[in-house]
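One structure is given below, encoded as structure tokens.
Residue numbers (full-length UniProt numbering), protein chains in the order written: chain A, 1 to 129; chain B, 1 to 185.
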């Protein structure tokens, strides 16, 4: 089952590079996914893993994906919070793997939060209905 | 929730919250006895004896964000719906949950994507160790994060992207061997 020693050496080397980068550049962007019962039932698992996949695909070394419990806004789950150093937190609601693609491309890569997916936009929409 | 692997993801969150360092997850499919059993055992701080009878009541919770606790009550409801049983037991150190269902019961959800559940757990709780055992009739697949740590060394967290990718490969090949290439049944 365990793959060749060479392959593991390769993985170890890559992992050490990732770690070294994080050490040198300090805390980068933190993606926090709500993983309580409400989040899981609403589809948080594929959302979290899509972030992990996209971050790896694009080789974004300064981004980490972590989880948290219930944020208390269950009807908006899956909820994802993006913390960037020296910037205001952005809260994305009703996330899907498709929305993750856009958030990664526009927010994480180009630095422009996707307003249509945020809690502010969602609440405005509800207030106007 | 329409996948058993989502129930597992949800139940293990309790172990993480309870400060466990090792979580054992076992899935056992026994077609002869017509049983599908999920066992989750952790070495966390455990549940006080006076609380253990209340935890599957949806109107009992220790959380502060809302007044209901759904995880354990949903799991118990599922077991009852599938002519099974649900037990939660206080161990000397930790907690053990056993969820049994009638394998052929029409209301039993499919296992779903257990690889994703394990990856989400490892990514979300990289300091914990997980021992995963999947028994299907006479075959079994065992995956233990401790063996990966042994090889990679303690200085590399398991949620490093290249390590997660490696783990995904290990799980996918191990599970497809077990199920003969047919997943999610």
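We put the beta carbon where it would ideally sit given N, CA and C, even for glycine.
> Is it true that the CB of residue 67 of chain A sits closer than 8 Å to the CB of residue 124 of chain B?
Replying inline: yes
> Which full runs of the alpha helix (DSSP H) of 4+ residues lie inside the stretch 73-110 of chain B, going along the chain?
Replying inline: none
> To which residues of the same chain is residue 168 of chain B closer than 8 Å at the C-beta, ignoring the five residues directly before and after it?
Replying inline: 115 and 119
>> Suppose contacts are defined by Cβ-Cβ distances below 8 Å. Is residue 125 of chain A in contact with residue 114 of chain A by that definition?
In response: no
> What distance in whole Å lies between the Cβ atoms of residue 92 of chain A and residue 64 of chain A, which are believed to be in contact at a cut-off of 8 Å?
Replying inline: The pair is not a contact, with the Cβ atoms about 16 Å apart (cut-off 8 Å).
> Rounded to the nearest angstrom, how far is the Cβ of residue 18 of chain B from that of residue 42 of chain B, given a contact under 8 Å?
Replying inline: 6 Å
> Rounded to a whole number of angstroms, what is the C-alpha to C-alpha distance between residue 104 of chain B and residue 35 of chain B?
Replying inline: 8 Å
>> Tell me whether the stretch 72-88 of chain B and the stretch 133-148 of chain B touch, counting them as touching only if at least three CB pairs, one residue from each stretch, are closer than 8 Å.
In response: no
> Residues of chain A with CB under 9 Å from residue 123 of chain B, in chain order?
Replying inline: 48, 49, 52, 65, 66 and 67
>> Can you look up residue 178 of chain B in the DSSP assignment and give me helix, strand or coil?
In response: helix
>> Quick check on the DSSP output: what are the complete beta strand (DSSP E) runs of length 3 or more inside the stretch 54-101 of chain A, in order along the chain?
In response: 63-68, 80-83 and 90-92
> residue 95 of chain A: which of A:28, A:75, A:85 and A:20 sits nearest, CA to CA?
Replying inline: A:75
>> With H, G and I counted as helix, E and B as strand and the rest as coil, what does DSSP make of residue 36 of chain B?
In response: strand
> Name the chain A residues that come within less than 8 Å of residue 1 of chain B, Cβ to Cβ?
Replying inline: 40 and 41
>> What does DSSP give as the partner residue(s) for residue 26 of chain B in the beta ladder?
In response: B:39 and B:133
>> Assuming residue 18 of chain A and residue 160 of chain B are in contact, meaning their beta carbons sit under 8 Å apart, how far apart are those beta carbons, in whole angstroms?
In response: 5 Å
>> Which of the three DSSP states is assigned to residue 127 of chain A in this structure?
In response: helix
> Roughly how many angstroms lie between the CA atoms of residue 28 of chain A and residue 12 of chain B, to the nearest whole one?
Replying inline: 28 Å
> Among B:23, B:90 and B:25, which residue has its Cα nearest to the Cα of residue 46 of chain B?
Replying inline: B:90
> With a cut-off of 8 Å, does the C-beta of residue 101 of chain A fall near any C-beta of chain B?
Replying inline: no
>> Looking at residue 201 of chain B: is its Cβ nearer than 8 Å to the Cβ of residue 40 of chain A?
In response: The structure shown does not extend to residue 201 of chain B, since chain B is modelled only from 1 through 185, so no value can be given for it.
> CB-CB under 6 Å to residue 38 of chain B, same chain, minus the five flanking residues each way: which ones, in chain order?
Replying inline: 27 and 99
>> Could you tell me the alpha carbon to alpha carbon distance between residue 230 of chain B and residue 52 of chain B, rounded to whole angstroms?
In response: Any question about residue 230 of chain B goes unanswered here, given that chain B covers just 1 to 185.
> From B:108, B:7, B:73 and B:88, pick the residue whose C-alpha is nearest to that of residue 50 of chain B; which is it?
Replying inline: B:88
>> Taking the straight line between their C-alpha atoms, what separation do you get for residue 81 of chain A and residue 15 of chain A?
In response: 25 Å
>> So, under 8 Å CB-CB, residue 129 of chain B and residue 15 of chain B are touching, yes? Tell me the CB distance rounded to an integer number of Å.
In response: Not really, about 11 Å apart at Cβ, beyond 8 Å.
>> Between residue 32 of chain A and the ligand FAD, is there a pair consisting of the residue's CB and a ligand heavy atom that are separated by less than 7 Å?
In response: As for the ligand FAD, it is missing from this structure, which has no ligand bound.
> Hey, is residue 166 of chain B's beta-carbon within less than 8 Å of any beta-carbon in chain A?
Replying inline: yes
> What residue does the beta strand (DSSP E) around residue 132 of chain A start on, and which one ends it?
Replying inline: For chain A, the structure presents residues 1 to 129; residue 132 of chain A sits outside this window and is missing.
> Roughly how many whole angstroms lie between the Cα atoms of residue 70 of chain A and residue 110 of chain B?
Replying inline: 26 Å
> How about residue 6 of chain B and residue 112 of chain B: are their beta carbons less than 8 Å apart?
Replying inline: yes
> Just the Cα atoms here: how many angstroms apart are residue 33 of chain B and residue 47 of chain A?
Replying inline: 37 Å
> Residues of chain A with CB under 9 Å from residue 13 of chain B, in chain order?
Replying inline: 35, 36, 37, 40, 67 and 69
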